[in-house]
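Following: one structure in structure tokens, then a few remarks.
In the working numbering, the protein residues as written are 160 to 557.
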């Protein structure tokens with residue numbers, strides 16, 4: 160291993176650790192944090208390349224924001240960088256939820272609820288900042304602005320994460336029709352140290368595990384294997400990630416009697432108050448489930464199993480991504496899909512981000528303060544998190 164690869168992996172770990180400690184607000188907000196940190200601040204990739212990557216992950220099952228983070232780490236520091244990005248972004252919330260499972264005190268009372276509400280408000284500022292910046296770059300004309308508006312309408316009028324996938328698919332088709340003759344500045348290639356052979360192996364392994372694990376659990380009724388199978392299926396069959404995985408997890412751990420309904424709901428409530436990906440809820444479930452394995456072994460199995468399928472799919476697709484993006488029709492499709500991504504983010508800015516956080520003029524003023532800090536003062540995201548958390552505390556006490 161060269162010192163350059165190692166130093167870049169350390170850089171990736173530090174960057175994502177800070178995000179893992181401060182990225183409140185769910186997957187849509189995480190994409191805003193990533194854009195601020197890696198497009199604006201660190202300039203690891205340009206706006207169009209980032210939007211392309213976001214669009215790709217929206218089409219794949221799994222935790223979209225974690226897949227974007229994994230890909231950014233892979234691009235910057237190779238496989239070690241990808242592992243560093245996932246570890247640093249995931250472990251803080253997983254550890255907090257495990258502490259909750261052990262009975263540690265969580266945010267309660269007016270002080271805790273005020274801080275939590277402030278963390279919801281910071282998501283408004285982060286997502287608004289991302290939508291504003293991406294719209295200027297990716298919707299510079301009336302055709303793409305119209306595609307973004309159409310994506311908003313599709314998401315608003317549909318229910319569930321499939322509406323987001325449908326909006327981006329419709330945006331891509333509209334891009335083929337409306338933007339095929341545009342002379343645009345295309346995104347730079349995204350360079351990932353993954354061969355086509357490795358990509359095909361990852362796609363094959365994804366399918367083999369998805370189809371083979373249920374059969375193995377029938378032949379070998381081992382509880383640890385059943386736990387891995389349950390969480391692997393949850394991570395394989397969900398689009399959009401986040402809250403969408405909850406019904407699959409409930410079916411996988413509550414219905415067999417491994418976790419009680421009260422334990423499940425308590426853990427879900429705690430997961431809303433922590434930064435990082437909601438998929439780390441799996442660590443809590445793995446810790447409390449019965450029978451063995453539980454505790455550290457159960458948490459490790461559940462956490463690995465729920466993330467593995469999304470990463471296998473991502474690594475499997477990445478080697479073919481640049482070739483696809485160079486095709487003239489693909490470029491038009493991606494122009495439309497990227498405009499639709501802006502619309503999807505804009506719809507999410509209203510619901511659930513805005514509707515769950517902005518309850519009155521004080522919350523609006525605090526969110527606007529966070530937006531101005533990001534947009535005009537170029538303040539780092541962690542500083543805006545602190546400002547909004549303290550502001551939420553003040554609002555709850557006055």
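All C-beta atoms in this analysis are idealised placements derived from N, C-alpha and C, irrespective of residue type, glycine included.
Using DSSP with H/G/I as helix, E/B as strand and the rest coil, what is residue i?
i	result
residue 520	helix
residue 264	Residue confidence for residue 264 is low, a pLDDT of 48 falling below 50, so the modelled location carries little weight and cannot support an answer.
residue 220	strand
residue 436	coil
residue 379	coil
residue 449	coil
residue 422	helix
residue 301	helix
residue 349	coil
residue 511	helix
residue 183	coil
residue 291	helix
residue 234	helix
residue 354	coil
residue 336	helix
residue 490	helix
residue 202	coil
residue 538	coil
residue 362	helix
residue 226	helix
residue 414	coil
residue 397	coil
residue 317	coil
Take residue i and list the residues in its own chain whose beta-carbon comes closer than 6 Å to its own, dropping the five residues that flank it on each side.
i	result
residue 353	474, 477, 478
residue 532	538, 543
residue 294	501
residue 237	164, 352
residue 553	none
residue 408	393
What residues in its chain sit with their C-beta under 7 Å from that of residue i, if we drop five residues either side in the sequence?
i	result
residue 435	179, 182, 248, 249, 251, 252
residue 418	412, 444, 447, 448
residue 541	177, 181
residue 450	382
If you count every other CB in all the chains shown that lies within 10 Å of the CB of residue i, and 16 or more means buried, which is it?
i	result
residue 255	buried
residue 235	buried
residue 340	exposed
residue 338	buried
residue 365	buried
residue 379	exposed
residue 264	At residue 264 the pLDDT is 48, less than 50, meaning the model places this residue with poor confidence; the figure from the coordinates comes in the next sentence. By the neighbour-count rule (16 or more Cβ atoms within 10 Å), residue 264 is not buried but exposed.
residue 245	buried
residue 216	buried
residue 414	exposed
residue 336	exposed
residue 512	buried
Round the Cβ separation of residue i and residue j to the nearest angstrom and send it over; I've been treating them as touching at under 8 Å.
i	j	result
residue 440	residue 394	That belief does not hold up - the Cβ atoms of residue 440 and residue 394 are roughly 12 Å apart, past 8 Å.
residue 171	residue 243	5 Å
residue 526	residue 331	Contact flag wrong, Cβ pair sits at about 32 Å.
residue 326	residue 487	The pair is not a contact, with the Cβ atoms about 23 Å apart (cut-off 8 Å).
residue 271	residue 550	So it is not a contact: roughly 15 Å between Cβ atoms.
residue 491	residue 334	5 Å
residue 442	residue 257	6 Å
residue 188	residue 324	Not really, about 19 Å apart at Cβ, beyond 8 Å.
residue 506	residue 315	6 Å
Return the chain-ordered list of same chain residues with a C-beta closer than 8 Å to the C-beta of residue i, the five sequence neighbours on each side being excluded.
i	result
residue 362	471, 472, 475, 476
residue 220	394, 395, 396, 397, 398, 468, 469, 472
residue 517	280, 283, 523, 526
residue 460	383, 386, 387, 390, 445, 452
residue 289	190, 191, 194, 195, 504
residue 269	555, 556
Check: For the 8 Å Cβ check, are there 3 or more pairs between the stretch 534 to 553 and the stretch 172 to 188?
Finding: yes
Item checked: the stretch 288 to 306 / the stretch 200 to 213 touching (three or more Cβ pairs under 8 Å) -> yes
Notebook entry, point to check: Quick check: the stretch 367 to 377 against the stretch 191 to 199, are there 3 or more CB pairs under 8 Å?
Noted result: no
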